[in-house]
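Numbering (my numbering), first residue to last: 533 to 889.
Ideal Cβ positions, reconstructed from N, Cα and C, are used throughout, including at glycine.
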Amino acid sequence: MSAVHPTLPSPSPQASPQPAPAPPALDAWGLDVVDELLIVGGLDPDAAVWQVRDRSGDEWAVKATRRDCRFGLALAAALGPDSGVVAPLPTRTGDHWAERDGLLVSVSPWILGDDAAEEGRGLDLDQWAELGAVVRRVHDQPPPSSVAPLRQGVKRTGRRARVRLRDLDARFVGAGQAPGVDPELAELWHVHRDRLRRLETTALQLKEARGATARVSCHGDPHLGNVVVDPAGRPWLIDLDEATVAPREVDLVLVELGVLPGLPVEPEHRAAFRRGYGDDVRLDDDRVTRFGCVRALEDVTAVFAALEGAHSPQHSGDLVGVRAGLDDLLGPRGLVSLVEERLSRSSPPTGRPRHDI
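Here it is in C-alpha cells:
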C-alpha cells in the first residue's frame, strides 16, 4: 500500500538558513528519494520522522530512533498490510528495519489522510467500531518470536513514575527545595501532589490484589493521536513503538478512560468500539483502574520533569504548549480527573469485578 497522490509542499523561497536534517539513506530499501519533509512537533525527543517521495511518486514515512522499537515493527509486519495497522516496508533482504549510526531506521507507507486527534476531529461511530476491530486483531496476533519486547507490562517510561514522583517531590517541596525552581510550577505541584499520591497508593493496592490473566500482543498506545483516517474513512493505527505483551487492558484503558482531554471518549464511542472489538472478552475493571493510575502518573510526572529539566531542541520552542498540556492533564477533563471519577464510583480494591467489553 502506498500513497497515490503527492502531498509534499514545494520548497519555500524563504526557507530557513539552517536546513532541516536529511533522512538516512534508504538504499537498503532500494528507494531513491526525490523529496523530503521533516515532521516537527512530535513528542519523542529520541526520534525523527520524515515524509519522503521516491522517483515513482510513492510516499513513505521514514523514522529514525534511538529507541529499540524492533518488537513493534515485527508485530506490525506479522499483522500484514490489510490489518488496519501500518506495516513496515521490508528491506531488500527482507528485514523490517536497518541500523544506521546507532539509529534504528524503518520505512512504512505514508497514509494519506487526517490525524484523528487534530482539530478535535475524532472518529464517527463506524470508525470507532473499525478501530475496535483493529485493536482486536492486534490482541489476537501471536507475539513475534524473533524479538522480545523492551517494554514490560503497563510501564512505558525508562524511569518508573513512582521514582519521578519522589524526585519531583524532593525538588518542589520543603526546605530542601532545589534552587532555580519555577515558583509557578512548584505551586502547581503543591496543589496537585495529594491527588498524585492517591493514584500511586491505589495502583499499589490494586497490584497487590491482582489475579492471573492472559497476556496478549498489545499496541501499547492506541489513542486517537496514533490513528490516521484515510480518504475512504478507514482508521489506521500507526506508531507501535510501545508495543508489548501484556494484559489487554494496557490498550483498552485508553478507550475506557481516554487520555486526550480535547477528545473525550463518550459512552457511545465505547459502545461502538466494543461492538467492533467483540463481546466474547471480559474486561477486568481493577486492571483498567490500576493502569489508568499508572498512565496518569507517567504522563503528569513526565511533563513536570520535562518542564523542569533539559529540553530537546525539537521541543524547546513549545514550552507554552507543554505547560498547557500539563494543565489539561490535571484539569477536569484530564486523565487524573477521569481516574478519580472512576474511583469515586467504585468500592475499595478488594475483589475482581469484571464486565463484558
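Cα-Cα, which of the options is closest to residue i?
i: Val-584; options: Glu-774, Trp-592, Asp-578; result: Trp-592
i: Ala-771; options: Ser-588, Asp-559, Lys-595; result: Correcting the residue identity first, residue 771 is Asp in this sequence and not Ala. Out of Ser-588, Asp-559, Lys-595, Lys-595 has the C-alpha closest to the C-alpha of Asp-771.
i: Val-667; options: Leu-657, Pro-754, Arg-766; result: Pro-754
i: Gly-589; options: His-671, Arg-855, Glu-568; result: Glu-568
i: Ala-828; options: Glu-800, Leu-858, Gln-659, Val-670; result: Leu-858
i: Asp-699; options: Arg-683, Gln-684, Arg-688, Ala-718; result: Ala-718
i: Pro-641; options: Gly-612, Ala-661, Glu-651; result: Gly-612
i: Ala-730; options: Val-572, Arg-877, Glu-872, Leu-570; result: According to the sequence as given, residue 730 is Arg; it is not Ala. Out of Val-572, Arg-877, Glu-872, Leu-570, Glu-872 has the C-alpha closest to the C-alpha of Arg-730.
i: Lys-739; options: Arg-819, Asp-578, Asp-656, Ser-677; result: Arg-819
i: Pro-711; options: Ala-856, Glu-840, Glu-830, Val-670; result: Glu-840
i: Glu-651; options: Asp-701, Pro-793, Arg-688; result: Pro-793
i: Tyr-809; options: Gly-634, Ala-610, Trp-660; result: Trp-660
i: Gly-610; options: Gly-743, His-751, Leu-862; result: Note that residue 610 corresponds to Ala in the displayed sequence, not to Gly. Ranking Gly-743, His-751, Leu-862 by Cα distance to Ala-610 puts His-751 first.
i: Gly-626; options: Ala-803, Trp-561, His-801; result: Trp-561
i: Asp-811; options: Pro-799, Glu-798, Ala-665; result: Ala-665
i: Ala-803; options: Pro-577, Asp-656, Thr-833, Gly-743; result: Asp-656
i: Asp-701; options: Gly-634, Arg-877, Gly-863, Ala-837; result: Ala-837
i: Glu-800; options: Asp-658, Asp-817, Leu-784, Val-832; result: Asp-658
i: Gln-684; options: Ala-764, Pro-553, Asp-817, Asp-773; result: Asp-773
i: Ser-678; options: Gly-634, Asn-758, Ala-764, His-628; result: His-628
I'd like to know whether the C-beta atoms of residue i and residue j end up nearer to each other than 8 Å.
i: Pro-674; j: Phe-603; result: no
i: Val-695; j: Arg-703; result: no
i: Leu-636; j: Cys-601; result: yes
i: Asp-892; j: Val-760; result: Outside the displayed span of the chain (533 to 889) sits residue 892, for which this structure offers no information.
i: Leu-605; j: Ser-749; result: no
i: Ala-649; j: Leu-756; result: yes
i: Phe-805; j: Val-686; result: no
i: Arg-747; j: Ala-775; result: no
i: Thr-821; j: Arg-865; result: no
i: Val-566; j: Leu-558; result: no
i: Ala-741; j: Cys-825; result: no
i: Leu-769; j: Gly-616; result: yes
i: Val-835; j: Val-854; result: yes
i: Trp-582; j: Pro-555; result: yes
i: Val-868; j: Leu-861; result: yes
i: Leu-570; j: Ala-580; result: yes
i: Leu-728; j: Leu-697; result: yes
i: Thr-833; j: Ala-693; result: yes
Using 10 angstroms around the beta-carbon of residue i, count the other beta-carbons present and answer buried if the total reaches 16, otherwise exposed.
i: Val-726; result: It is worth fixing the name first, because residue 726 is Asp in this sequence and not Val. Exposed, because fewer than 16 other Cβ atoms sit within 10 Å of the Cβ of Asp-726.
i: Gly-790; result: buried
i: His-722; result: exposed
i: Asp-614; result: exposed
i: Arg-598; result: exposed
i: Glu-781; result: buried
i: Thr-623; result: buried
i: Arg-745; result: First, the residue type needs correcting, since residue 745 is Thr and not Arg in the sequence shown. Thr-745 comes out exposed.
i: Val-787; result: buried
i: Gly-883; result: Since pLDDT at Gly-883 reaches only 47, below the 50 mark, its modelled position is unreliable, and no value is offered.
i: Glu-662; result: buried
i: Ile-643; result: buried
i: Ser-638; result: buried
i: Ala-499; result: It is not possible to answer for residue 499, since the shown part of the chain is limited to 533 through 889.
i: Thr-733; result: exposed
i: Arg-688; result: buried
i: Pro-767; result: buried
i: Glu-830; result: buried
i: Arg-653; result: exposed
i: Pro-676; result: buried
i: Val-670; result: buried
i: Asp-783; result: buried
i: Asp-817; result: buried
i: Val-572; result: exposed
For residue i, does the three-state DSSP call read helix, strand or coil?
i: Arg-688; result: coil
i: Val-695; result: helix
i: Ser-638; result: strand
i: Asp-859; result: helix
i: Asp-783; result: helix
i: Trp-561; result: helix
i: Trp-660; result: helix
i: Leu-611; result: helix
i: Glu-798; result: coil
i: Ala-648; result: coil
i: Val-594; result: strand
i: Ala-606; result: helix
i: Asp-865; result: Per the sequence presented here, residue 865 reads as Arg, with Asp not at that position. The answer is coil: DSSP assigns Arg-865 none of H, G, I, E or B.
i: Ala-580; result: strand
i: Val-572; result: coil
i: Val-618; result: coil
i: Asp-633; result: coil
i: Asp-890; result: Because the chain in this structure spans residues 533 to 889, residue 890 falls outside the shown range and cannot be described.
* Counting only runs of 3+ residues fully inside the segment 803-849, write out the beta strand (DSSP E) ranges in chain order. => The segment 803-849 contains these whole beta strand (DSSP E) runs: 814-816.
* Could you give the uninterrupted runs of the alpha helix (DSSP H) lying entirely in the segment 697-775, keeping only those of 4 residues or more? -> 715-741
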